[in-house]
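Asker: The structure follows.
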Amino acid sequence: MSASSAFSDEKGGSSSVGEPEYGHDPASGGIFSSDYKRHDDLKEMLDSNKDSLKLEAMKRIVAMIARGKNTSDLFPAVVKNVACKNIEVKKLVYVYLVRYAEEQQDLALLSISTFQRGLKDPNQLIRASALRVLSSIRVTIIVPIMMLAIKEAASDMSPYVRKTAAHAIPKLYSLDPEQKDQLIEVIEKLLADKTTLVAGSVVMAFEEVCPERIDLIHKNYRKLCNLLVDVEEWGQVVIINMLTRYARTQFLNPNLNECLLEEGGESTFYGSDADQDEDEDEDKKDEALSKRKPYVMDPDHRLLLRNTKPLLQSRNAAVVMAVAQLYFHLAPKAEVGVIAKALVRLLRSHSEVQYVVLQNVATMTIKRRGMFEPYLKSFYIRSTDPTQIKVLKLEVLTNLASETNISTILREFQTYIKSMDKDFVAATIQAIGRCATHIGEVRDTCLNGLVQLLSNRDELVVAESVVVIKKLLQMQPEKHSDIIKHMAKLTDNIQVPMARASILWLIGEYCEHVPKIAPDVLRKMAKTFTNEEDIVKLQIINLAAKLYLTNSKQTKLLTQYVLNLAKYDQNYDIRDRARFIRQLIVPTDKCGALSKYAKKLILALKPAPILESPFKDRDHFQLGSLSHLLNTKAGGYQELPDWPQDAPDPSVRNVEVPEWTKCSSREKRKEKKVEKPFYSDSEGESGPTESADSESDSASSSASGSEQSGSGSEESEESEERSDSDEEEEEEEEEYMSLDVLMGTISPSGSLKSYELLHRITGEGLWVEYCFSRQPFLPDPHMVAVQIQFTNSAATEAKSLRLEEAKLQSGMRVKEFPEIEVLPAGESATVVMGVDFCDSTQAANLQLCTHSRKFFVSIQPPVGELMTPSFMTENEFKKEQGQLMGMNEITEKMQLPERCQNEHAIVQRVIAAANLSRVPCGSDKEFAGRTVTSGSLVLVTVATKESGPSQLTINCEKMVIGTMLVKDILLALTQ
Amino acid sequence: MIHSLFLVNSSGDIFLEKHWKSVVSRSVCDYFFEAQERATEPENVPPVIPTPHHYLISVLRHRIYFVAVIQSEVPPLFVIEFLHRVVDTFQDYFGVCTEAAIKDNVVVVYELLEEMLDNGFPLATESNILKELIKPPTILRTMVNTITGSTNVGEQLPTGQLSVVPWRRTGVKYTNNEAYFDVVEEIDVIIDKSGSTITAEIQGVIDACVKLTGMPDLTLSFMNPRLLDDVSFHPCVRFKRWEAERILSFIPPDGNFRLLSYHVSSQNGYPVGYRSLVAIPVYVKHNITFREGSSQGRFDLTLGPKQTMGKGVEAVLVSSQLPRGVLNANLSASQGTYTFDPVTKMLTWDVGKINPQKLPSLKGSMSLQAGASKPDENPSINIQFKIQQMAISGLKVNRLDMYGEKYKPFKGIKYMTKAGKFQVRT
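What follows is the structure, encoded as structure tokens:
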């Protein structure tokens with residue numbers, strides 16, 4: 001292969017332009033084998049007017065770039081082809097341009113006009129790629145052009161172009177940080193975008209440019225939460241990480257009370273030595289506890305937790321990890337457990353994934369051991385695991401060890417000690433040491449096991465054991481003088497310096513327990529002093545000093561000898577130590593006051609070392625982050641803030657114009673481009689997303705034919721204007737509405753909640769939602785008016801949309817809407833139909849037909865929609881209420897949250913929950929209505945008191961409706 | 001996010017580099033080579049290596065290191081997962097992901113990398129979308145392109161990119177409409193010296209090959225969905241439906257994809273009496289001993305089937321890493337062939353099929369280094385096998401229905417059980 005391609009390469013260099021031989025695959029390895037120095041032939045090919053030759057040349061150039069060869073001298077020849085018609089040539093030229101533009105700034109400018117033209121192209125792919133390349137050229141001169149292009153693209157019709165604009169923001173920011181303020185404006189605008197395509201990219205831009213501007217998120221928080229499931233996986237990771245930080249600044253710690261309790265509980269459990277302190281502590285805690293108000297989770301906090309949970313099922317490990325860290329940092333303790341299973345599942349993935357996951361699990365197990373305890377066996381080690389994975393699993397196992405499972409874990413450790421992987425064995429011995437220090441019951445067992453290891457044939461194992469035994473013995477030396485004796489014998493054989501040093505230190509420290517052996521060990525050591533490693537030498541000096549102080553009769557001369565040897569040692573540390581020790585312990589006439597205290601100084605009681613996990617306290621880094629993995633702050637890391645003491649105002653997340661509260665402007669609104677998010681949708685798939693999609697679809701289909709270029713931005717400006725005026729209008733209306741509410745005469749108000757009738761995926765692009773318009777249904781007053789909105793987001797038009805009754809419950813009746821003959825692609829239509837639900841919340845099962853298909857759909861009415869407002873005076877109300885006592889009256893006590901203590905809020909919430917009208921001028925808050933079918937009265941009273949619980953009373957002769965209504969209104973009022 | 005990517009082969013040469021922001025000198029890889037030298041085994045190179053100005057995040061697949069250069073904070077799993085996705089895409093495009101394949105298709109590789117990341121942030125990673133942007137190289141297309149000068153780069157924005165079903169393109173057409181599902185389960189076991197099971201887990205996947213015209217909407221239901229309590233889905237699966245009805249409802253991607261993977265463990269979350277333990281389909285009798293003072297060791301191994309529901313155990317392969325002191329093994333196999341590599345001390349025994357009437361065994365002696373003391377450690381035995389027509393967890397697909405299209409597809413389902421990390425300690 002290489003020979004033949006080299007041949008043709010050669011030919012290419014010599015023969016005239018236009019030979020078909022150039023057509024061979026350029027990447028076929030020829031380039032790798034032949035050494036290309038001259039680029040003349042490439043230039044000729046690029047200058048030719050045949051696309052195939054140009055392509056050929058570009059392929060070879062790209063292959064050279066891939067290998068890291070410098071091809072910058074071809075820049076002028078390549079840049080000429082930027083406007084080439086052949087799309088592959090063009091793409092490869094882009095690759096080249098982006099790679100070398102920085103080095104050849106002046107020449108790169110030649111290409112700019114092409115991109116500027118591309119930005120106006122009717123094809124969205126070309127607009128996007130022009131912006132992509134333009135923003136990737138790192139030439140400072142064009143910063144203003146880039147800024148302009150980004151601003152324009154941010155209001156492009158195509159979400160794909162808007163996504164590209166979001167990607168371009170960090171590029172421009174890294175080129176010229178001074179543009180920050182302008183870029184933030186663009187980010188703010190794009191954050192308000194409702195398409196899932198844009199969401200991930202713009203949050204990424206936000207994180208790179210202005211992560212500190214948390215205030216930009218408020219208005220978009222609920223929308224982001226709701227869109228999250230549909231965002232592409234990489235965007236999900238970025239959004240979840242950002243929302244974790246956001247939540248830490250905006251919500252209260254859900255575990256605060258538990259934290260206090262827990263601390264109290266733990267200290268009693270481990271029986272700390274200061275018992276009386278503890279009582280005081282607990283008193284304080286009780287105080288702190290009683291001072292705190294009962295914790296109620298912010299509904300937005302709950303929303304985040306609820307909407308991220310399904311993502312634990314993602315196939316993408318990064319998404320699972322992101323959700324796991326979110327739960328770890330934000331969820332109430334009782335709920336964190338759900339992440340364990342998902343994380344354990346990741347352990348079956350590639351070893352790199354395991355490595356990262358295990359690091360995070362290790363940190364989590366320190367704080368929340370119980371969470372992973374059921375999965376203990378999933379962390380058992382296989383001989384085929386790579387060493388770094390083994391060590392991490394060992395760490396997790398050690399953290400999970402408790403009184404109950406320690407025997408299983410130790411048995412498992414015993415098999416690990418026989419492993420052939422010696423690094424792993426050493427780590428196991430360390431782990432046994434840690435288990436022994438933490439769990440008192442097994443300390444002796446562990447110690448015995450480790451002592452047995454001292455006779456192991458492998459020196460590394462013995463050495464590691466010695467080091468660990470030393471630490472364990474320090475905890476209770478008096479019991480274990482035989483072990484110390486045993487270890488003293490080891491000095492003859494063991495060569496590992498660290499182990500020798502440890503033994504010597506032990507003998508010195510506890511020389512009183514082995515009074516006969518210690519001087520002998522010193523004698524042996526003195527003989528070999530000169531050949532020892534430095535750390536051993538230091539310990540010999542220490543041993544000598546300690547023995548001199550306790551048993552100077554036997555060891556005086558030996559000590560002198562050792563100190564003399566040390567005096568002439570090569571290492572200055574050792575010389576220094578020797579000089580210092582000599583001054584301290586050997587009494588001379590000149591010696592200072594210190595030598596009196598020598599014994600106290602050297603033989604002071606030393607605290608036992610605490611064997612701690614290296615993962616302790618790592619959780620102050622956001623889990624899953626690079627900084628956490630490395631345990632140092634990486635560049636660009638955003639600190640995870642502490643929970644606030646008092647929750648910031650939750651109303652900042654309210655979007656000022658809750659459009660769904662109005663029904664009158666609904667139809668109007670649908671025709672326009674909606675700028676505000678649509679968060680009421682519990683499905684997480686909001687209407688505007690869809691409409692934007694369909695818009696762009698239609699745009700792309702029409703774009704190919706017609707000249708639509710310049711109109712894109714105009715149109716969107718127009719839409720902005722329109723939405724501005726819309727807003728004003730809405731504000732006015734809202735004012736008006738609130739007046740209405742105060743006067744208590746309002747009838748159709750409250751939230752108009754949309755429900756999905758047909759999902760756009762099931763409907764193949766046809767998307768249908770319905771809402772209860774609360775208007776009287778004129779053809780039949782015993783029917784509930786249901787407003788249905790069809791949106792066609794498919795590429796083709798939908799024909800003859802109609803409903804057919806399928807299986808209605810007995811008594812139910814339906815008045816269909818007139819058939820929609822044609823619904824063109826991208827359009828939407830609204831119709832009203834009537835349903836007689838027979839005063840029950842049974843769903844009406846219908847069949848939705850198009851020209852080609854039938855879908856089974858069902859309309860489920862909330863109980864509050866089964867009634868119409870009825871006007872009555874307070875006296876009438878009281879009279880009617882008097883007649884509906886006993887079985888027909890349902891009373892429920894409730895605790896109203898602070899937010900809806902005032903009259904206005906209560907009225908709004910009740911009216912949103914049920915289609916009732918307020919009895920004007922009532923002393924209490926009274927509402928009246930009649931059920932649609934039978935016209936039975938429904939009377940609702942909310943009695944609030946200054947102190948104590950409020951009371952909700954419902955009088956209705958239909959008891960089923962009454963009970964269901966109580967539940968709904970209660971929910972509406974207390975949430 | 002991701003600054004640059006370097007591809008390093010097993011001999012330590014950088015054979016491809018790609019930069020998404022300004023160029024990072026390839027000398028940054030020296031830190032990686034240092035770490036590589038320190039690591040005893042190729043898989044022990046730490047996946048994340050900090051250097052003074054950058055961070056290197058690498059994955060090892062097909063004996064190629066994919067080294068990504070990072071400049072600032074980014075979740076490491078994000079990069080690792082992305083790199084694996086790159087490898088999967090290469091495999092999808094070129095059949096294999098080897099150094100030769102990448103070098104042969106360097107232009108396509110470059111075009112792919114260009115589409116997959118923009119400024120270091122993933123742009124299009126869904127293989128359906130990529131295939132519309134850049135057509136995979138086939139012999140025929142290469143020929144046609146050579147003659148006509150046409151390209152393998154798409155001109156239109158892939159429909160999936162904007163649709164609500166990004167994993168499926170529109171206008172798919174097949175003459176034979178077929179949907180195949182493979183339920184493949186791998187069983188991970190550790191069995192201790194005495195033969196008792198320490199851990200047993202099943203990792204299952206359902207891989208699908210769906211070639212259906214139009215926009216079919218499939219539902220797949222199971223006889224015993226309770227088994228699946230720890231699952232992860234392809235994004236196409238409607239999670240709400242699963243939560244509510246335990247039915248997999250989805251619009252499938254076109255071609256091969258992994259519909260779901262699941263995990264069944266013996267230890268947690270199981271209703272007592274339902275199936276409290278994972279069944280172990282084979283057992284091993286072993287006797288591997290070394291005597292003090294003698295330079296001989298005994299090796300005796302017998303395999304047998306158990307709990308296989310009458311299905312045959314096939315493609316059995318036993319391997320064991322013998323202690324360093326073993327010089328040679330002199331064994332005789334009742335069935336199959338064995339090899340012993342005196343350098344790596346790896347003993348492998350290709351057994352083939354287990355015949356329940358005549359159990360396969362491997363017996364004989366091992367010679368140890370003269371004068372060396374008895375090895376402390378006993379080798380562990382790793383076993384591989386396959387059982388066709390059975391899912392060891394007992395998972396059974398009930399039915400597959402298709403909505404939204406009128407034709408009748410051909411449906412098929414296959415079950416298989418394999419040994420995953422099946423380890424016997426001795």
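If you read the protein sequences in the order shown, they are chains A and B. Start counting the first sequence at 1; every next residue gets the next number (UniProt numbering). Start counting the second sequence at 1; every next residue gets the next number (UniProt numbering). We treat Cβ as the ideally placed atom computed from N, Cα and C, and that holds for glycine.
Using C-beta distances below 8 Å, list every residue in its chain close to residue 481(A), excluding the 5 sequence neighbours before and after it, in chain order.
Answerer: 510, 513 and 514
Asker: Looking only at its chain, what residues have a beta carbon closer than 7 Å to the beta carbon of residue 796(A), apart from the 5 residues adjacent to it on each side?
Answerer: 825
Asker: List, from N- to C-terminal side, the beta strand (DSSP E) runs of 3 residues or more that fit wholly inside the segment 751 to 783 of chain A.
Answerer: The segment 751 to 783 of chain A contains, as complete beta strand (DSSP E) runs of 3+ residues, the segments 754 to 758 and 766 to 776 (chain order).
Asker: Confirm, please, whether the CB-CB distance from residue 522(A) to residue 558(A) is below 8 Å.
Answerer: yes
Asker: Just list the residues that DSSP pairs residue 361(B) with in beta bridges.
Answerer: 302(B)
Asker: Return the chain-ordered list of same chain residues with a C-beta closer than 7 Å to the C-beta of residue 550(A), the five sequence neighbours on each side being excluded.
Answerer: Hits under 7 Å: 511 and 512.
Asker: Out of 654(A), 623(A) and 651(A), which one is the CA nearest neighbour of residue 639(A)?
Answerer: 623(A)
Asker: Check each residue of the segment 215 to 227 of chain B: if its Cβ is closer than 8 Å to any Cβ of chain A, include it; give the result in chain order.
Answerer: 215 and 217
Asker: Consult DSSP for residue 600(A) and reduce its assignment to one of helix, strand or coil.
Answerer: helix
Asker: If you drop the 5 nearest sequence neighbours on each side, which residues of the same chain put their C-beta closer than 7 Å to that of residue 408(B)?
Answerer: none
Asker: May I ask you to list, following chain order, the residues of the segment 228 to 242 of chain A that have a beta carbon less than 9 Å from some beta carbon of chain B?
Answerer: 229, 230, 232, 233, 234, 235, 237, 238 and 241
Asker: Which residue wins for smallest C-alpha separation from residue 486(A), given the options 808(A), 950(A), 95(A) and 448(A)?
Answerer: Checking every option, the nearest Cα to that of residue 486(A) belongs to 448(A).
Asker: So residue 354(B) and residue 313(B) are in contact, right, with Cβ under 8 Å, and what is the actual spacing, rounded?
Answerer: 4 Å
Asker: Suppose the cutoff is 8 Å on Cβ atoms and the five residues either side in sequence are ignored; what does the same chain contact list for residue 703(A) look like?
Answerer: Note that residue 703(A) has pLDDT 38, beneath the 50 cutoff, so the model's placement of it is unreliable and the number below is only indicative. Correct list, in chain order: 122, 123 and 124.
Asker: Using a cut-off of 8 Å between C-beta atoms, extract the partners of residue 22(B) located in chain A.
Answerer: 102 and 138
Asker: Is the CB of residue 579(A) under 8 Å away from at least one CB in chain B?
Answerer: no
Asker: Determine the chain A residues that contact residue 386(B) at a beta-carbon separation under 9 Å, and present them in chain order.
Answerer: The contacting residues do not exist; residue 386(B) stays about 19 Å from chain A at best.
Asker: Would you list the one or two residues that DSSP bridges to residue 61(B)?
Answerer: Under DSSP, residue 61(B) forms a beta bridge with 64(B).
Asker: Of all the alpha helix (DSSP H) runs that stay within the bounds of the segment 860 to 926 of chain A, which reach a length of 4 or more residues?
Answerer: 874 to 883 and 903 to 913
Asker: Buried or exposed for residue 17(B), going by 16 or more other Cβ atoms inside 10 Å?
Answerer: buried
Asker: State buried or exposed for residue 854(A), treating a residue as buried only when at least 16 other CB atoms are found within 10 Å of its CB.
Answerer: exposed
Asker: With a threshold of 6 Å on Cβ separation, who are the neighbours of residue 109(B) within its own chain once the five nearest residues in sequence on each side are excluded?
Answerer: 102
Asker: Within 8 Å of any Cβ in chain A, is that where the Cβ of residue 270(B) sits?
Answerer: Residue confidence for residue 270(B) is low, a pLDDT of 44 falling below 50, so the modelled location carries little weight; the figure read from the coordinates is stated next. So, not an interface residue.
Asker: Which of the three DSSP states, helix, strand or coil, is assigned to residue 378(A)?
Answerer: helix
Asker: What is the DSSP secondary structure of residue 80(A), counted as helix, strand or coil?
Answerer: helix
Asker: Residues of the segment 618 to 642 of chain A in Cβ contact with chain B at a cutoff of 8 Å, in chain order, please.
Answerer: 624, 625, 626, 627, 629, 630, 632, 634, 635, 636, 637 and 638
Asker: Classify residue 620(A) as helix, strand or coil using the three-state DSSP reduction.
Answerer: Residue 620(A): helix per DSSP, three-state reduction.
Asker: For residue 224(A) and residue 188(A), I'd like the C-alpha separation in whole angstroms.
Answerer: A straight-line Cα-Cα distance of about 14 Å links residue 224(A) and residue 188(A).
Asker: Along chain A, which residues have their Cβ under 8 Å away from the Cβ of residue 19(B)?
Answerer: 99
Asker: Hey, out of 336(B), 75(B), 363(B) and 323(B), whose CA is closest to residue 421(A)'s CA?
Answerer: Here the closest residue by C-alpha is 323(B).
Asker: Which term fits residue 53(B), buried or exposed, when burial requires 16 or more other beta carbons within 10 angstroms of its beta carbon?
Answerer: exposed
Asker: Per DSSP, residue 954(A) forms a beta bridge with which residues?
Answerer: As computed with DSSP, residue 954(A) is found in a beta bridge with 890(A) and 940(A).
Asker: Along the alpha helix (DSSP H) that carries residue 505(A), what are the first and last residues, could you check?
Answerer: 497 to 509
Asker: I'd like the list of long-range same chain contacts for residue 420(B), defined as Cβ closer than 7 Å, with 5 residues on each side in sequence excluded.
Answerer: 186, 187, 188 and 203
Asker: Does residue 56(A) pass the burial test, meaning 16 or more other C-beta atoms within 10 Å, or should it be called exposed?
Answerer: buried
Asker: By how many angstroms is the C-alpha of residue 215(B) removed from the C-alpha of residue 237(A)?
Answerer: C-alpha separation (whole angstroms): 29 Å.
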